[in-house]
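Novice:
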Amino acid sequence: MKSPIDSKFAGRRNERMILSMLRQHQRLSQSQLCRLAGIGSSTASTIVARLREKQLVLETPGTSTDRGPKPTLIELNPDCRYLFAVEINPSYVFVGLFDFVGQMQDNVQVSLGADHSVECVLELLQRQIQGLAQKHRIAGQKMLGVGVTLSGSVSSKGLVSLSSPLGWHNIPLRNALESRLEMPAFVYSNRVRLLTEFDLNPDLKHKHVLYLNVADGVGSTVSMNGTMMYGAGGRYGEIGHIVVDPNGPTCGCGNRGCVEALISGQALVRKIQHDQLAGIAVGFDAAVHEGAARSAEQILSVWTQLVESGHAYALALRDFVADHLGRIAAAAINCYDPDVIILAGYVLRHFPAYYAAAIQAPMATQVYDSTLRSIGILPAAAGANALILGVSIAAFQDAAEHL
Ligand SMILES: [Zn+2]
174 MKSPIDSKFA
184 GRRNERMILS
194 MLRQHQRLSQ
204 SQLCRLAGIG
214 SSTASTIVAR
224 LREKQLVLET
234 PGTSTDRGPK
244 PTLIELNPDC
254 RYLFAVEINP
264 SYVFVGLFDF
274 VGQMQDNVQV
284 SLGADHSVEC
294 VLELLQRQIQ
304 GLAQKHRIAG
314 QKMLGVGVTL
324 SGSVSSKGLV
334 SLSSPLGWHN
344 IPLRNALESR
354 LEMPAFVYSN
364 RVRLLTEFDL
374 NPDLKHKHVL
384 YLNVADGVGS
394 TVSMNGTMMY
404 GAGGRYGEIG
414 HIVVDPNGPT
424 CGCGNRGCVE
434 ALISGQALVR
444 KIQHDQLAGI
454 AVGFDAAVHE
464 GAARSAEQIL
474 SVWTQLVESG
484 HAYALALRDF
494 VADHLGRIAA
504 AAINCYDPDV
514 IILAGYVLRH
524 FPAYYAAAIQ
534 APMATQVYDS
544 TLRSIGILPA
554 AAGANALILG
564 VSIAAFQDAA
574 EHL
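Residue numbers (the working numbering): 174 to 576.
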């Protein structure tokens, strides 16, 4: 026999499940909810009534059919709660305001100056969040919380043990956010990007996915049949810190010659600037020299254009990226045995077929049992908003515990 505590726990879990289904399917009749959730109609009625009391769902008449009365459709109430999703990047902070349906209603992007200190970033975040809340007249009780993502190792308690692109070590970011913003806070590594791919292509939840991201950081996310892997300390899949050149440049992690220190967006900008001064990279425009005012992504758009025009140095730089990518992908394939590889991040965005070929080529000599593997290599389906949407999905799931 179930204890009252068990029943209450099951009830809350069912509420979260129904909310998640409504976010995915938008509008469902009660019979559709029962079928999808595998629950009986009286249980569904009780849960929907509770959600309606909390004003989290709306019920609207559906369109009439030839076969009987119009079914009542249940949908999320978009205006009942709001969530802030935040990306902290080395060069800027991006804040998105999401309604309860998961639509981004507004956003703001602010450049970070030279000061990457936690205090400076938190102050900036607080100003932007308060500004968006005032602009949209969102009362405090409607704020569900804030989800923050950054490139680095993040524990389940929101401790950032290391973010090499930001140079942060042992920062209790979740506690710092909650005490400053006075709302629930959730902190994630950039792995949440994969949640946006799941949202766009639900079949991926039934695959073994290796998601390779090359942007401000270099890393991988692994998902096995929909279960994201985090490791003991949130460091699973840190393939960007495989050392490939022990005499290479210093990485933000403190080691030398990590792949991230060679092919991340910022590393490539530094390489171009160095090669320009050495007279090797001829033909890059002045924008590359003015790096401080622009993000690495903006600067590398110059590189992309030069590749398309057949510029020799730009093509050689693409080969440099492809060569390192192929090597770390072979190591990751040996470790994780994926059946799908997704190529993501602004460094890989423009020539996915080229980078896919660069991963296929070394498999014959660097991957165990390569002839019997069947691995699909796909470009990420989500575009520039992948990260902000991913953090909003993760934070909605976690914030639902507080409803
Ligand atoms: Zn490193």
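Where a beta carbon is used, it is the ideal one built from N, C-alpha and C, also for glycine.
Mind checking which residues open and close the beta strand (DSSP E) that includes G320?
Specialist: Element bounds for G320: 316-323.
Novice: Mind listing, in chain order, the continuous beta strand (DSSP E) runs of no fewer than 3 residues lying wholly within the segment 511-546?
Specialist: Qualifying beta strand (DSSP E) stretches, in chain order: 513-517.
Novice: Determine the contact status of S362 and V327, defining contact as a CB-CB distance below 8 Å.
Specialist: A contact, by the Cβ cut-off of 8 Å.
Novice: So is the beta-carbon of A440 under 7 Å away from any non-hydrogen atom of ligand 2?
Specialist: Ligand 2 is not among the ligands present in this structure, which contains only ligand 1.
Novice: Just to confirm, are T322 and V564 a CB contact at a threshold of 8 Å?
Specialist: Yes, Cβ-Cβ distance for T322 and V564 is below 8 Å.
Novice: Please state the DSSP three-state secondary structure of D571.
Specialist: DSSP places D571 in helix when its eight states are reduced to three.
Novice: What three-state label does DSSP hand V266 in the structure shown?
Specialist: V266 falls in the strand class under three-state DSSP.
Novice: At the level of alpha carbons, what is the spacing between V475 and P552?
Specialist: So the alpha carbons of these two residues sit roughly 21 Å apart.
Novice: Closest to S396 by C-alpha separation, out of H575, Q276, T369, N262, would be which residue?
Specialist: Residue T369 is the option with its Cα nearest to S396.
Novice: Return yes when at least one heavy atom of ligand 1 lies under 7 Å from the C-beta of H414, else no.
Specialist: True, at least one ligand heavy atom lies under 7 Å from that Cβ.
Novice: According to DSSP, is I311 helix, strand or coil?
Specialist: It is coil, neither helix nor strand.
Novice: Would you grab the beta carbon distance between G235 and K227 for me? Rounded to a whole angstrom, and I think it's under 8 Å.
Specialist: Rounded, the Cβ-Cβ distance is 23 Å, inconsistent with contact.
Novice: If L435 sits next to H497, beta carbons under 8 Å apart, how far is it from one beta carbon to the other, in whole angstroms?
Specialist: About 6 Å separates the two Cβ atoms, so the contact holds.
Novice: Counting C-beta neighbours from all protein chains within 10 Å, is the total for H198 16 or more, i.e. buried, or is it exposed?
Specialist: The residue is exposed, with fewer than 16 neighbouring Cβ atoms inside 10 Å.
Novice: Flag this pair as touching only if the segment 378-395 and the segment 430-445 have three or more C-beta atom pairs under 8 Å; answer yes or no.
Specialist: In short, these stretches touch, since the Cβ pair count reaches three.
Novice: For Y361, which residues does DSSP report across the bridge?
Specialist: T322, per the DSSP bridge assignment.
Novice: The beta strand (DSSP E) that contains Y255, what's its start and end?
Specialist: Here the beta strand (DSSP E) through Y255 covers 255-261.
Novice: Just to confirm, does A434 get its C-beta within under 7 Å of one of the non-hydrogen atoms of ligand 1?
Specialist: Correct: A434 has its Cβ closer than 7 Å to ligand 1.
Novice: Below 7 Å, is the gap between the Cβ of N386 and the nearest heavy atom of ligand 1?
Specialist: Answer for N386: no, Cβ out of range of ligand 1.
Novice: Are the beta-carbon atoms belonging to R347 and M401 less than 8 Å from one another?
Specialist: Going by C-beta atoms, R347 is not nearer than 8 Å to M401.
Novice: If you follow the alpha helix (DSSP H) that N558 is part of, which residue opens it and which one closes it?
Specialist: Here N558 belongs to no alpha helix (DSSP H), and DSSP marks it neither H nor E.
Novice: Tell me whether R223 sits in a helix, a strand or coil according to DSSP, three-state version.
Specialist: Helix at R223.
Novice: Please state whether the Cβ-Cβ distance between I412 and A503 is less than 8 Å.
Specialist: No, these two residues do not count as a Cβ contact at 8 Å.
Novice: Suppose contacts are defined by Cβ-Cβ distances below 8 Å. Is Q282 in contact with Y265 by that definition?
Specialist: Yes, these two residues count as a Cβ contact at 8 Å.
Novice: Assuming I506 and I453 form a contact by the criterion Cβ under 8 Å, report the distance between their Cβ atoms to the nearest whole angstrom.
Specialist: Going by Cβ atoms, the distance from I506 to I453 rounds to 33 Å, so no, they are not a contact pair.
Novice: With DSSP as the reference, label P419 as helix, strand or coil.
Specialist: Looking at P419 - three-state DSSP - the assignment turns out to be coil, as it is neither helix nor strand.
Novice: Within a Cβ cutoff of 7 Å, which residues of the same chain sit near M174, ignoring the five residues on either side of it in sequence?
Specialist: With a pLDDT of 48 at M174, under the threshold of 50, the modelled position of that residue is not reliable, and no figure is offered here.
Novice: Leaving out the 5 sequence neighbours to the left and right, which residues in its chain are closer than 8 Å to L295 when beta-carbon positions are compared?
Specialist: The residues are A349, L350, R353.
Novice: Quick check for students: name the residue ranges of the beta strand (DSSP E) that lie wholly in the segment 337-402, counting only runs of 3 or more.
Specialist: The qualifying runs are 341-345, 358-362, 381-387, 391-397.
Novice: Check whether the segment 506-516 touches the segment 538-547, counting contact only when three or more Cβ pairs, one atom from each stretch, lie closer than 8 Å.
Specialist: At 8 Å Cβ cutoff, the stretches touch.
Novice: Taking the alpha-carbon positions, what's the S218 to Q203 distance?
Specialist: Near 8 Å, if we compare the C-alpha coordinates of Q203 and S218.
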